[in-house]
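**Q** The structure that follows is given in the form of structure tokens.
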Amino acid sequence: MTTESVAQQTSSKSEVPPHAPAGANSAATVARLRQTFASGRTRSVEWRTQQLRALQAMMEENEGAIATALADDLDRNPVEAFIADIATTVTEAKYAAKKVRKWMRRKYRLLEVPQLPGRGWVEYEPYGTVLIIGAWNYPFYLTLGPAVGAIAAGNTMVLKPSEIAAASAHLMAELVPRYLDNDAIAVIEGDGTVSQELIAQGLDRVMFTGGTEIGRKVYEGAAPHLTPVTLELGGKSPVIVAADADIDVAAKRIAWIKILNAGQTCVAPDYVLADATIRDELVNKIGAAITKFRSQDDPSGLRIVNQRQFDRLSGYLSEVQSAAGGKGAVAVGGKCDASTLRIQPTVVVDPDPEGPLMANEIFGPILPVLTVKSLDEAIGFINARPKPLSAYLFTKSRQTRERVIKEVPAGGMLVNHLAFQVSTAKLPFGGVGASGMGAYHGKWGFDEFSHRKSVLTKPTRPDFSSIIYPPYTERAFKLARRLF
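In case it helps, UniProt numbering puts the sequence shown at residues 1 to 484.
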């Protein structure tokens, strides 16, 4: 899609200033944003609410153009574009606009007796000028979703969408100046070099969504400036399917999320640990669900975002198919089309636990299903690996549910469904360990982009502090012992 065709589909508000080319004048842009923050304009509840409502309007009024960009970048159909990028962003913005006045209020605290007389509270203070580095797989939601929290907290910000989803990045750079305060919120396009240049300017906070390897580089780049960082990464998110699970429902839900966006979703299940007694039934029903869900779609498979990712994923399948000792059987799909970058939704049964498919985050439409003989084995398998962004469980047993919740560390957990934990403003979303640090969505997004400043006020008269002034008397010492 050309910029001209996008412009024709967007709302006819005031003329859009040309979006900045990759990395152009980033220092000047940051200086402008810092000047705006210093003016105090972004601190008012009116500014925050107006910007959040404008963001909502931007997504709603340009649904068609956004869906077209997502189709260009990711072969996304309009329904999935609406559900996964548009509606999610709108919901976040609407909720924050409704709640931001309450979030901003001082939170008073009851002080201990030795602190009296006095009054203490928590003041929510914006960090300043922040950087949000978005991801290519959900380019609007994973860039503008974090921006909701940053706006609600009263910051100015640079939005750096992923260059891999080029049509979406260009459209975002066109739309944001139309709808949002151009002196407070700017889009800068470019690759990782641009991100590094921005981080090097010592911004007040950085949020990055993407892979663990790049997340480490972001963290390292921020460290010399002591810039606080939020990392929303990924990892190998497991699904335990217990013997007592509703296999029909589990199979449909697993198939659905591995098809959505070609499995290129940070919270998509990376592998399944299936009880041996239901393993074959589960695999067969996942295959049947894939066939049903894709009956009207391209039989050659789901389009992968680019050549690099296609080569990586097809390489995993080649390794499985040539594995010594027959480790890993392709039970569903398995075909790749290099000419169109398409891979069929694929189920691999019992691959080598130490092979490439199980050593790396898959991030595509390939699903390993491993057989386990007990819940103990499943929990042990997960806990022997880095902590995942999400963990999933299908079971009817409350006892099983509570045990997995308590014994499996993960950024978040969902029982009897998949991925919905990422789309609610009522719960924090974030990783732990190698899957990330920090959390956002709803009030947690506001908190993540706010400094919680402690404030304590005391009267000067009467001066009860006289007991702490030297020279110290025995009477003052006794009183101090009673108070403290």
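All C-beta atoms in this analysis are idealised placements derived from N, C-alpha and C, irrespective of residue type, glycine included.
1) Around the C-beta of Arg452, are 16 or more other C-beta atoms found within 10 angstroms, so that it is buried, or is it exposed?
2) Name the DSSP bridge partner or partners of Arg342?
3) Determine which residues share a DSSP beta bridge with Ser314 and list them.
4) Touching or not, the segment 83-100 and the segment 409-427, by the rule of three or more beta carbon pairs under 8 angstroms?
5) In this structure, what does DSSP give as the bridge partners for Lys107?
6) To which residues does DSSP link Thr156 through a beta bridge?
7) Just to check my reading of the structure: Tyr141 and Asp85 have Cβ atoms closer than 8 angstroms, yes? What is that Cβ distance to the nearest angstrom?
8) In this structure, how does DSSP classify Thr371 when only helix, strand and coil are distinguished?
9) On a CA-only basis, which of Ile199, Glu123 and Leu116 is nearest Arg102? Give me that one, please.
10) For my contact list, Ile467 and Leu456 are in at a C-beta cut-off of 8 angstroms; report their separation, rounded to the angstrom.
11) Hey, Ile214 and Val206: beta-carbon distance below 9 angstroms or not?
12) According to DSSP, is Ser450 helix, strand or coil?
13) Express the C-alpha separation of Glu80 and Ser5 in angstroms, rounding to a whole number.
14) On the three-state DSSP scale, how would you describe Ser390?
15) Roughly how many angstroms lie between the CA atoms of Ala22 and Arg294, to the nearest whole one?
16) Measuring only the C-alpha atoms, how far is Glu407 from Asp376?
17) Report the partner residues of Ala71 according to the DSSP bridge assignment.
18) Thinking just about the alpha-carbon of each residue, which of Leu180, Glu189, Ile188 and Gly210 is nearest to the one in Glu361?
19) Assuming Gly411 and Ser397 make a contact with CB atoms under 8 angstroms, what is their CB distance in whole Å?
20) If you draw a straight line from the alpha carbon of Ile254 to that of Pro228, how long is it in whole angstroms?
21) Start and end of the beta strand (DSSP E) containing Thr230?
22) Rounded C-beta distance between Pro146 and Gly445? I'm assuming under 8 angstroms.
23) Spatial neighbours of Leu159 within its chain, please: C-beta separation below 8 angstroms, excluding the five flanking residues on both sides.
24) First and last residue of the beta strand (DSSP E) that includes Val422?
25) Counting along the chain, where does the alpha helix (DSSP H) carrying Ala289 start and finish?
26) Is the segment 318-332 in contact with the segment 342-361, if contact means three or more CB pairs nearer than 8 angstroms?
27) Give me the Cα-Cα distance between Ile382 and His441, rounded to the nearest whole angstrom.
28) Where in the segment 246-282 do unbroken runs of the alpha helix (DSSP H), each at least 4 residues long, occur, reported from the N-terminal end onward?
29) Quick one: what's got a C-beta closer than 6 angstroms to Tyr179's C-beta in the same chain, skipping five residues either side?
30) Could you tell me how far apart the beta carbons of Leu483 and Pro114 are, in whole angstroms, since I believe they sit closer than 8 angstroms?
31) Taking just the CA atoms, how far does Ser454 sit from Ala476?
32) On the premise that Ala251 lies in contact with Lys285, defined as a C-beta separation below 8 angstroms, what is that separation, rounded to the nearest angstrom?
33) Counting along the chain, where does the beta strand (DSSP E) carrying Val206 start and finish?
34) Leaving out five residues on either side along the sequence, give the residues of the same chain with a beta carbon under 7 angstroms from the beta carbon of Ile405.
35) Return the residue from the list Lys236, Val239 and Gly202 that minimises the CA-CA distance to Glu220.
**A** Looking at the atomic coordinates:
1) exposed
2) Arg303 and Asp337
3) Bridge partners of Ser314: none, in fact.
4) yes
5) Val122
6) Thr129
7) 5 angstroms
8) strand
9) A small fix is needed here, since residue 102 is Lys in this sequence, not Arg. It is Glu123.
10) About 18 angstroms separates the two Cβ atoms, so there is no contact after all.
11) no
12) strand
13) Note that Ser5 scores 33 on pLDDT, short of 50, meaning its location in the model is unreliable; the coordinates nonetheless yield the value given after this. Roughly 22 angstroms separates the two Cα atoms.
14) strand
15) Caution is warranted here: a pLDDT of 47 is assigned to Ala22, below 50, making its placement in the model unreliable, and the coordinate value is therefore given only provisionally. Cα-Cα distance, rounded: 38 angstroms.
16) 10 angstroms
17) Ala71 is not bridged to any residue.
18) Gly210
19) Contact doesn't hold; Cβ gap of about 24 angstroms is too wide.
20) 36 angstroms
21) Val229 to Glu232
22) 7 angstroms
23) Ile132, Gly134, Thr143, Leu144, Ala147, Met172, Val176, Ile185, Ala186, Val187 and Ile188
24) Counting along the chain, Val422 falls outside any beta strand (DSSP E), and DSSP gives it neither H nor E.
25) Arg279 to Phe293
26) yes
27) 26 angstroms
28) 247-259
29) Ala54 and Met58
30) 5 angstroms
31) 29 angstroms
32) 3 angstroms
33) Arg205 to Thr209
34) Met413
35) Gly202
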